[in-house]
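Number of protein chains: 4
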Amino acid sequence: MKKLNIGLIGYGFMGRTHSNAYRQVSQFFDLEYQPVMKAVCGRTEDRVKAFADNWGWQSYETDWRKLIERDDIDAVDITTPNNSHCEIAKAAAEKGKMVLCEKPLALNPEQGEEMVKIVEDKGLANMVWYNYRFVPAVTLAKNLIDDDKLGKIFHYRANFLQDWTISPDLPQGGEGLWRLDAEAAGSGVTGDLLAHCIDTAIWLNGPITTVTAMTETFIKERKHNLTGEVQKVNIDDACAFLARFANGSLAIFESTRYARGHKALYTFEINGENASISWDLHDLQRLSYFDYRDESATRGWRSIHVTDSDHPYMDKWWVPGLNIGYEHTFIHGIAGFLKSLEEGQKPMHPSFRDALQTQYICDAVLKSGVSKQWEEVSGV
Amino acid sequence: MKKLNIGLIGYGFMGRTHSNAYRQVSQFFDLEYQPVMKAVCGRTEDRVKAFADNWGWQSYETDWRKLIERDDIDAVDITTPNNSHCEIAKAAAEKGKMVLCEKPLALNPEQGEEMVKIVEDKGLANMVWYNYRFVPAVTLAKNLIDDDKLGKIFHYRANFLQDWTISPDLPQGGEGLWRLDAEAAGSGVTGDLLAHCIDTAIWLNGPITTVTAMTETFIKERKHNLTGEVQKVNIDDACAFLARFANGSLAIFESTRYARGHKALYTFEINGENASISWDLHDLQRLSYFDYRDESATRGWRSIHVTDSDHPYMDKWWVPGLNIGYEHTFIHGIAGFLKSLEEGQKPMHPSFRDALQTQYICDAVLKSGVSKQWEEVSGV
Amino acid sequence: MKKLNIGLIGYGFMGRTHSNAYRQVSQFFDLEYQPVMKAVCGRTEDRVKAFADNWGWQSYETDWRKLIERDDIDAVDITTPNNSHCEIAKAAAEKGKMVLCEKPLALNPEQGEEMVKIVEDKGLANMVWYNYRFVPAVTLAKNLIDDDKLGKIFHYRANFLQDWTISPDLPQGGEGLWRLDAEAAGSGVTGDLLAHCIDTAIWLNGPITTVTAMTETFIKERKHNLTGEVQKVNIDDACAFLARFANGSLAIFESTRYARGHKALYTFEINGENASISWDLHDLQRLSYFDYRDESATRGWRSIHVTDSDHPYMDKWWVPGLNIGYEHTFIHGIAGFLKSLEEGQKPMHPSFRDALQTQYICDAVLKSGVSKQWEEVSGV
Amino acid sequence: MKKLNIGLIGYGFMGRTHSNAYRQVSQFFDLEYQPVMKAVCGRTEDRVKAFADNWGWQSYETDWRKLIERDDIDAVDITTPNNSHCEIAKAAAEKGKMVLCEKPLALNPEQGEEMVKIVEDKGLANMVWYNYRFVPAVTLAKNLIDDDKLGKIFHYRANFLQDWTISPDLPQGGEGLWRLDAEAAGSGVTGDLLAHCIDTAIWLNGPITTVTAMTETFIKERKHNLTGEVQKVNIDDACAFLARFANGSLAIFESTRYARGHKALYTFEINGENASISWDLHDLQRLSYFDYRDESATRGWRSIHVTDSDHPYMDKWWVPGLNIGYEHTFIHGIAGFLKSLEEGQKPMHPSFRDALQTQYICDAVLKSGVSKQWEEVSGV
């Protein structure tokens with residue numbers, strides 16, 4: 474058993490999901506490497522200490538620069554707001570640390586390119602936490618596509634719909650709300666939600682080449698919790714775009730935080746010549762599958778309850794019929810990363826490079842929202 | 474084209490569905506026989522006249538005995554309350570008329586036996602309107618079973634749940650409410666609703682041999698609209714029973730008019746060694762089908778939208794994806810009856826004899842509700 | 474009772490649905506006017522005669538010009554391919570006939586404008602058969618919006634997905650296939666399917682002001698059944714567009730005939746400040762409704778089985794829980810038209826003028842598919 | 474923070490779920506007591522040692538009698554086969570240990586009564602792991618009933634359907650299969666699956682007074698893995714029963730391991746005068762709720778995605794829209810038990826006494842399966 478000493482930066486919502494993943498992975502996955510929860514870092518000492526105590530982090534730091542300098546840290550995990558990813562990742566890589574980074578990779582493609590360059594130049598293991606790839610039903614979708622069950626792909630559509638910012642009384646920015654602050658987040662739903670849809674899409678269906686987008690900020694001004702003042706809202710509340718994939722298929726993507734009735738409804742559907750697939754996060758354990766090659770009279774969408782032991786990841790958990798949840802995607806993610814460190818394993822995906830592709834697409838989408846033109850995706 | 478002159482007795486809810494079926498069948502089905510809406514009979518002249526005018530019945534009668542004596546009537550269709558089925562059917566048969574009778578066949582097995590005897594002795598075409606057999610999805614279920622897709626059957630379960638009699642203010646009996654009057658209806662949910670479930674069950678899964686039942690009348694007294702007085706309620710508001718089929722499978726059946734939230738939720742499910750089937754009336758166009766022989770990773774319940782041209786009856790209607798409704802089951806029923814009259818065709822099912830089997834089972838169920846014992850089904 | 478003499482032109486799929494509607498409406502709706510199936514017109518005599526016999530048309534014509542000249546025709550109903558709508562409608566109006574026209578109104582806005590002008594100048598009753606407005610669940614959606622249950626609208630999304638043209642062996646044009654022939658149809662999914670989505674959308678959510686679209690023809694050449702030659706396919710197999718409504722809401726629309734697993738999946742969803750609505754044609758009897766004002770713990774999407782007697786149109790049919798189907802939308806449509814003829818009634822919708830709005834939007838969509846720019850919608 | 478030293482007996486499937494619960498509870502629940510994973514006990518040393526290492530148990534034993542004698546153990550948790558529950562529980566209680574016991578409580582009511590007596594006589598904290606009470610959606614159902622949202626209850630129905638024993642090649646008994654061995658398990662689906670349904674039912678709807686049951690063993694002989702011989706199967710493969718609750722409502726219950734297509738489909742539905750509730754384990758995060766008091770036109774079954782922070786337990790986990798899974802029910806269970814130890818807290822439910830009620834009902838059910846009579850439930 475080899476130990477991998479982890480240093481976690483940030484202890485918000487993602488700090489919790491990652492901490493839980495580190496605590497859980499070794500009980501369920503049989504791996505050569507075992508993560509050690511060495512240190513967590515946050516700026517407010519009493520809170521980061523309490524967090525460390527609760528989750529079993531062996532120590533804590535209040536300055537991330539200290540953390541990355543510690544010799545007893547092998548891998549740095551970044552869960553801070555998006556505007557700090559690049560700086561921290563580069564500094565950590567400079568010290569020779571492996572880097573795991575929350576999504577989106579960076580604020581923009583330029584930052585992303587720098588991040589990719591340094592981890593690749595230094596040959597450092599790296600990963601970006603696009604966790605939805607690791608939902609068993611989503612991985613099953615990937616397997617079905619890789620087995621060419623679908624044939625030529627004609628259509629891809631994905632949504633990420635939420636409804637938690639409809640009230641004009643909600644402030645922008647501040648405690649637990651940095652995702653609403655353009656400075657910290659870089660963008661609104663595009664980087665936060667569509668980035669997930671795009672990561673899955675290019676994993677399942679290959680590169681996107683061109684996009685045309687429409688963005689909107691429904692509530693133009695909100696109180697900013699950090700400044701205390703009513704300020705212009707600079708994030709996109711909603712974004713929809715049309716796209717074309719390199720394989721000739723067409724796509725529509727949409728995300729919003731103003732879709733009353735949807736809490737976190739990430740859905741996608743893929744239509745191929747021979748079969749189609751659809752999935753949604755609210756019922757994450759199910760995959761819908763239609764196969765035209767089924768006998769005509771009994772052809773129909775199959776609702777696959779992805780809990781059998783021959784379904785992806787499910788041999789690690791309970792018995793058929795019994796669900797796992799959201800947090801397990803992070804456990805699967807870190808399991809994959811640890812596995813990739815074993816001798817002879819392939820590198821982990823999604824890597825920084827993979828996530829950079831998503832960054833290029835987000836960038837083209839945001840650009841198109843302003844230019845009102847079709848935009849080519851860079852880096853394809 | 475041969476004409477079949479129809480005389481309809483009764484012009485309530487079922488009088489409407491049958492009239493509609495007679496009006497519609499020839500436009501959609503290519504048959505040797507065409508029904509002619511010769512006469513309708515009801516006791517209240519102005520109302521039966523208005524009904525005849527509305528639906529295109531060529532004449533009307535106010536005494537059913539007159540109707541069955543008319544030489545220009547080939548077939549008598551009975552839609553009056555249950556307590557009149559036997560008398561009318563026997564009299565019509567005596568005159569040599571074909572007889573179509575609403576379900577349940579009769580008030581009890583004795584009446585049913587007499588009815589079967591006379592139509593069979595006289596060789597008269599006959600049918601009972603258990604219309605749910607003719608839902609395309611239900612017929613598809615029958616076809617799948619006949620093709621032995623399911624293998625050995627282990628379980629059958631069926632419900633018929635309604636919620637329209639929960640209010641204690643609802644009267645029993647009277648205009649439009651004879652189903653709540655034990656004298657007219659014979660029983661409550663057992664004859665009205667479970668009879669449907671039983672008819673489908675024995676059609677799909679063969680004879681039922683023994684039953685044990687529980688019946689309940691939740692509201693013990695209601696105003697009777699005919700007498701104007703508050704009287705004891707003699708119908709069963711709810712009935713559930715366990716049963717065994719001759720083929721070794723087990724069954725549970727339940728019906729009630731006190732299931733808040735269900736308007737007319739007739740559902741059934743059959744579990745076989747290799748495959749299972751389920752259906753419900755609220756979404757009547759769909760059949761759910763699970764086939765264990767599907768590839769393991771993509772096995773799931775298929776939701777079959779039974780609207781393709783190779784699905785039962787659907788080549789007569791529109792195009793794939795477009796639904797038909799409740800009333801079409803009656804059109805399919807009369808189409809089947811007319812077809813059975815063509816030379817060399819097999820007799821129509823469900824016949825009086827088929828419906829008598831259901832009568833025996835209902836009888837055993839009601840008897841068991843009182844005896845609180847398992848009861849053998851007669852006539853098996 | 475007043476008679477309205479109908480002359481139907483065309484006896485294909487829509488000829489059937491309209492004939493059925495004329496045959497059925499008077500039995501279920503109590504109206505001052507009763508349609509009389511006076512004459513049907515088609516070019517092939519033996520076939521139009523057989524059609525007339527089957528449906529009860531009193532006479533037939535083989536030249537539509539003759540039909541519109543007949544004094545015994547009050548209203549002309551056009552179900553021929555799209556490229557003949559304008560000529561026939563104008564000629565009929567010229568003779569002072571009321572005009573009912575299948576959708577889309579015309580091949581282009583110019584034709585549509587001429588058609589609107591003449592029926593309005595002459596004060597002739599008119600209607601376009603956008604039948605999905607008359608699905609009870611869709612009308613219920615309209616009522617909920619008119620009652621302001623949703624509050625400010627943020628999002629509209631609609632799809633019309635089919636899968637019947639995926640095979641490259643399917644010919645374009647010819648018997649039953651004029652929808653695949655650009656000359657006859659004008660466009661592909663845009664005019665055939667998206668036109669439905671657009672009509673519903675502007676009825677529910679008001680004018681659309683700008684669009685940006687993407688169109689695709691997946692199979693570039695097909696055999697043309699009329700010429701017998703392999704020819705370039707000129708229709709759009711798929712079309713998706715982004716749009717903005719005048720009320721500030723955002724929309725995405727998509728249609729294709731290459732969505733494996735979907736037969737005729739017309740769906741829409743509307744997200745408002747207080748409530749959301751969704752519907753799909755495969756389960757047309759249900760409306761999904763989410764109301765944020767429900768008590769927090771029990772808030773959820775409600776699946777409304779739109780079959781109660783206080784639901785739109787449903788008092789005309791059966792009892793709660795029992796479904797109607799696709800064909801009923803046409804019966805409701807003609808009932809509405811007949812009602813509009815009664816003294817003091819409001820004009821029928823969708824009128825030619827309403828349908829012209831849809832035509833403008835389709836035109837902007839097709840134009841944007843070529844220009845790859847956002848296009849303003851004319852006539853708003 | 475107070476420590477509670479746990480000794481776990483058994484390390485099979487339930488040993489895993491409990492170990493996980495002990496490892497997780499303190500990170501998510503803020504409680505006075507923290508469980509300490511002191512010792513685990515199993516008969517095969519290398520395996521129990523590996524189990525202890527994997528899950529973080531501080532020590533292990535190979536003889537349960539040793540474990541219960543250890544002074545450093547406060548609470549004994551029993552996850553061994555059913556036929557050992559009574560002996561171990563009594564011995565542990567004799568030593569003054571708190572006892573947590575897997576369900577069903579015992580092999581029969583006599584054993585159960587002894588177990589209740591000793592823990593109550595000695596005033597020891599106790600609990601039985603009927604974990605499905607702790608599904609957030611099920612707890613929400615309980616809350617709705619306690620708030621009297623449903624009004625008078627008319628009907629209860631529950632199923633627990635599986636399909637994993639259909640193959641005749643499956644052995645009875647042995648490694649991982651003691652549930653199929655009547656000697657170890659006591660009964661088949663009745664104790665294993667229906668016990669869950671019954672526990673929930675009496676929690677939600679009060680005492681059951683009488684039952685009539687039907688049991689079946691479809692495959693009469695199977696190879697026994699312990700003896701190596703083909704032997705008579707003594708467990709019930711399927712069991713269905715009718716029941717009456719003390720509150721006047723009627724019930725049907727069914728369980729089987731021969732329902733092709735269902736992995737672990739535990740479902741229940743309750744119909745009350747004003748509202749109804751339904752739930753199923755395959756989609757455990759959702760509760761269906763119908764409220765008749767909703768406005769008529771928009772009344773429908775609500776699909777509640779039970780993931781909001783004001784839903785039971787969900788404030789401990791992630792954010793709205795994100796699912797938890799099966800294993801979390803055990804975490805909630807132990808959290809409840811630990812909470813009950815805090816000063817002034819009410820005792821934990823389900824207690825041994827609660828579970829004894831379920832035992833009485835199972836006993837009456839099994840007795841009725843043999844007697845073929847209605848049986849009174851003891852102890853009510």
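Respectively, the protein sequence lines represent chains A, B, C and D.
Mapping to the numbering used here: the first sequence position 130 is 603, numbers consecutive.
Mapping to the numbering used here: the second sequence position 259 is 732, numbers consecutive.
Mapping to the numbering used here: the third sequence position 286 is 759, numbers consecutive.
Mapping to the numbering used here: the fourth sequence position 90 is 563, numbers consecutive.
All C-beta atoms in this analysis are idealised placements derived from N, C-alpha and C, irrespective of residue type, glycine included.
For clarity, every value in this text was computed on a predicted model and none was experimentally measured.
Please list, in chain order, all residues of the same chain as residue i whose beta carbon is under 6 Å from its beta carbon, the five residues on each side excluded.
i, result
"D/Trp790", "Ile797"
"B/Ile681", "Ala716, Phe718, Ile834 and Val850"
Could you tell me which residues DSSP pairs with residue i in its beta bridges?
i, result
"A/Thr740", "A/Asn632 and A/Asp753"
"D/Leu573", "D/Asp550 and D/Met600"
"A/Gln846", "C/Gln846"
"C/Gly646", "Its beta-bridge partners do not exist; DSSP assigns none."
"B/Pro508", "B/Leu477"
Within its chain, find whatever has a CB closer than 8 Å to the CB of residue i; leave out the 5 residues flanking it on each side and keep chain order.
i, result
"D/Asn698", "Pro644, Gln645, Gly646, Gly647, Glu648 and Leu650"
Terminal residues of the continuous beta strand (DSSP E) containing residue i?
i, result
"A/Arg695", "Glu694 to Lys696"
"D/Thr685", "Ile681 to Glu689"
"C/Ala724", "Leu723 to Thr729"
What span of residues does the alpha helix (DSSP H) with residue i cover, start to end?
i, result
"A/Gly798", "From DSSP, A/Gly798 is part of no alpha helix (DSSP H); its letter is neither H nor E."
"D/Lys606", "The residue you asked about is not Lys; residue 606 of chain D is Arg in the sequence shown. Element bounds for D/Arg606: n/a, residue is neither H nor E."
"A/Gln704", "Where A/Gln704 is concerned, there is no enclosing alpha helix (DSSP H), although the beta strand (DSSP E) it sits in stretches over Val703 to Lys705."
"A/His669", "Ala668 to Asn678"
Is the Cβ of residue i closer than 8 Å to any Cβ of chain C?
i, result
"B/Thr552", "no"
"A/Phe633", "no"
"B/Trp861", "As shown, chain B starts at 474 and ends at 853. That puts residue 861 of chain B outside it, with no answer to give."
At a Cβ threshold of 8 Å, is residue i touching chain D?
i, result
"B/Phe763", "yes"
"A/Leu858", "Only positions 474 to 853 of chain A appear in the structure, and residue 858 of chain A is not among them; the question remains open."
"A/Ile780", "Checking the sequence shown, residue 780 of chain A turns out to be Thr, not Ile. Cβ-Cβ to chain D under 8 Å: yes for A/Thr780."
"C/Gly775", "First, the amino acid is wrong: residue 775 of chain C is Arg here, not Gly. C/Arg775 counts as touching chain D."
"B/Tyr847", "The question names Tyr, but residue 847 of chain B is Trp in the sequence shown. For B/Trp847, the answer is yes, since a Cβ of chain D falls inside 8 Å of its Cβ."
"A/Pro793", "yes"
"B/His805", "no"
Using a C-beta cutoff of 8 Å, does residue i count as contacting chain B?
i, result
"A/Thr771", "yes"
"C/Gln645", "no"
"A/Leu617", "yes"
Can you find a CB in chain A that lies within less than 8 Å of the CB of residue i?
i, result
"B/His784", "yes"
"C/Ile725", "yes"
Item to complete: Count the CB pairs spanning the segment 799-809 of chain C and the segment 605-613 of chain C that are closer than 8 Å, and state whether there are at least three.
Response: yes
Worksheet item: Does the segment 824-843 of chain A come within contact of the segment 670-677 of chain A, defined as at least 3 CB pairs closer than 8 Å?
Response: yes
Item to complete: Assess, as a yes-or-no matter, whether the segment 728-744 of chain C is touched by the segment 616-633 of chain A under the definition of 3 or more beta carbon pairs within less than 8 Å.
Response: yes
Item to complete: Decide yes or no for the touch test of the segment 658-671 of chain B against the segment 569-580 of chain B: beta carbon pairs closer than 8 Å, at least 3 of them.
Response: Contact between the segment 658-671 of chain B and the segment 569-580 of chain B is present, because at least three Cβ pairs lie under 8 Å.
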